[in-house]
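Trainee: Could you have a look at this structure, given as structure tokens, before my questions?
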Amino acid sequence: MSTLDGTPAEGTRGLYPFLDEYEQRTPDIAEAETEARRSAVEKTGEIVRLRRRMGEESAAELAACAGRMAARFASGGRLFSFGNGGSSTDAQEVATAFLHPHRGPALPALSLTDDVAVVTALSNDVGFEVVFSRQLAALGRPGDIAVGLSTSGGSANVVRAFEEAARRDMLTVGLAGGGGGRLTELFELGVLAHLFVVPSSSVHRIQEAQTTLYHVLWELTRHALGPAPIPRMHDPG
Numbered sequence: 001m002s003t004l005d006g007t008p009a010e011g012t013r014g015l016y017p018f019l020d021e022y023e024q025r026t027p028d029i030a031e032a033e034t035e036a037r038r039s040a041v042e043k044t045g046e047i048v049r050l051r052r053r054m055g056e057e058s059a060a061e062l063a064a065c066a067g068r069m070a071a072r073f074a075s076g077g078r079l080f081s082f083g084n085g086g087s088s089t090d091a092q093e094v095a096t097a098f099l100h101p102h103r104g105p106a107l108p109a110l111s112l113t114d115d116v117a118v119v120t121a122l123s124n125d126v127g128f129e130v131v132f133s134r135q136l137a138a139l140g141r142p143g144d145i146a147v148g149l150s151t152s153g154g155s156a157n158v159v160r161a162f163e164e165a166a167r168r169d170m171l172t173v174g175l176a177g178g179g180g181g182r183l184t185e186l187f188e189l190g191v192l193a194h195l196f197v198v199p200s201s202s203v204h205r206i207q208e209a210q211t212t213l214y215h216v217l218w219e220l221t222r223h224a225l226g227p228a229p230i231p232r233m234h235d236p237g
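With UniProt numbering applied, the sequence shown corresponds to residues 1 to 237, in that order.
And the structure:
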């Protein structure tokens, strides 16, 4: 991957630092392939170990969170997900997993980054830190679920969204990385009901582990709901 001026992208260098060495001399193809294979195996081992650790340390909390989410869905609650950048993509996948599952009943879910017009209007007219909280203020209600993702745990708009969700008696579920950042503070204050922190400094490993976490939450929530159909939501009009 290169930037517009043709120089290698910093992100690529971070993923494959050994490539710099090959830029300085004529590469030996076999040696390059061996090093690429070694790097891939190393990264695969890292995420497998990280996922296993999260499973061992968070199993009880995941089950408890899924049980509470199931209870909210069973009572007509809806799920709202949000995040920035790569976490925005994950937020969209969270909503898709619940709303369009490959098996089982569909559950009402919406990613707050889906509506570009709303996100850009709020960013331009008010400020980017309110793009999620303003939507929750308009759409959220007691009994709903707010799921926010942040690799650093420090995204101001994610923090503001959780504060708004807590004021509206929504079930708040956070996914973070590293030390948890500001989301750890919200959890300690009781603003966040559940917080899952991936203990890694690598954004790539954090997001890979978070993908596993929210899919496990979907599986456990579906299991907790059982075969009973989800009640139809009342038309707010």
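Idealized CB from N, CA, C, for every residue including glycine.
This structure is a prediction, so every number in the text was calculated from the model and none was measured.
Note the first and the last residue of the continuous beta strand (DSSP E) segment covering Thr184.
Mentor: Along the sequence shown, read from residue 1 onward, the residue named residue 184 stands at position 184. From DSSP, Thr184 is part of no beta strand (DSSP E) but of the alpha helix (DSSP H) over Gly181 to Leu189.
Trainee: May I have the straight-line CA-CA distance separating Leu31 from Arg37, to the nearest angstrom?
Mentor: Along the sequence shown, read from residue 1 onward, the residue named residue 31 stands at position 31. Along the sequence shown, read from residue 1 onward, the residue named residue 37 stands at position 37. According to the sequence provided, residue 31 is Glu. The question's Leu does not apply to it. One C-alpha to the other measures close to 10 Å.
Trainee: For Gly226, which of Glu56, Phe162 and Met69 has the nearest alpha-carbon?
Mentor: Here residue 226 refers to the residue found at position 226 when the sequence shown is read from its first residue. The residue with the shortest Cα to Cα distance from Gly226 is Met69.
Trainee: Starting from Val94, trace the beta strand (DSSP E) both ways and give me its first and last residue.
Mentor: On the sequence shown, residue 94 is found 94 positions in, with the first residue counted as 1. It is not in any beta strand (DSSP E) - Val94 instead sits in the alpha helix (DSSP H) that spans Gly86 to Leu99.
Trainee: Ser111 to Asp28, Cα distance in whole Å?
Mentor: Position 111 of the sequence shown, counted from the first residue, corresponds to residue 111. Position 28 of the sequence shown, counted from the first residue, corresponds to residue 28. Approximately 47 Å between the Cα atoms of the pair.
Trainee: Report the three-state DSSP secondary structure of Pro236 (helix, strand or coil).
Mentor: Within the sequence shown, the letter at position 236 stands for residue 236. Because Pro236 carries a pLDDT of 44, less than 50, the predicted location of this residue cannot be relied on, and the following value inherits that uncertainty. Looking at Pro236 - three-state DSSP - the assignment turns out to be coil, as it is neither helix nor strand.
Trainee: Any contact of the stretch 91-111 with the stretch 204-219, i.e. 3+ C-beta pairs under 8 Å?
Mentor: With a cut-off of 8 Å, the stretch 204-219 and the stretch 91-111 count as touching, because enough Cβ pairs lie within range.
Trainee: Would you say the stretch 117-131 touches the stretch 54-70, given that touching needs at least three Cβ pairs under 8 Å?
Mentor: As far as the Cβ criterion goes, the stretch 117-131 does not touch the stretch 54-70, which means the pair count is below three.
Trainee: Tell me whether Gly148 sits in a helix, a strand or coil according to DSSP, three-state version.
Mentor: Here residue 148 corresponds to residue number 148 of the sequence shown, with the count starting at 1. Looking at Gly148 - three-state DSSP - the assignment turns out to be strand.
Trainee: Rounding to the nearest angstrom, what Cα-Cα distance links Ala138 and Ser81 in this structure?
Mentor: Taking the first residue of the sequence shown as 1, we reach residue 138 at position 138. Taking the first residue of the sequence shown as 1, we reach residue 81 at position 81. Spanning the two alpha carbons is a distance of roughly 15 Å.
Trainee: Tell me whether the stretch 165-184 and the stretch 34-53 touch, counting them as touching only if at least three CB pairs, one residue from each stretch, are closer than 8 Å.
Mentor: With a cut-off of 8 Å, the stretch 34-53 and the stretch 165-184 do not count as touching, because too few Cβ pairs lie within range.
Trainee: I'd like to check one pair, Phe196 with Leu220: are the Cβ atoms closer than 8 Å?
Mentor: The count along the sequence shown starts at 1 and reaches residue 220 at position 220. The count along the sequence shown starts at 1 and reaches residue 196 at position 196. No; because the gap between Cβ atoms is not below 8 Å, this pair is not in contact.
Trainee: Among residues of its own chain, excluding the 5 on either side of Glu164, which ones have a beta-carbon nearer than 6 Å to its beta-carbon?
Mentor: Indexing the sequence shown from 1 puts residue 164 at position 164. Closer than 6 Å at Cβ, skipping near neighbours: Ser133, Leu136 and Ala137.
Trainee: From what residue to what residue does the beta strand (DSSP E) around Phe196 run?
Mentor: Within the sequence shown, residue 196 is the residue found at index 196, counting from 1. Where Phe196 is concerned, the enclosing beta strand (DSSP E) stretches over His194 to Val198.
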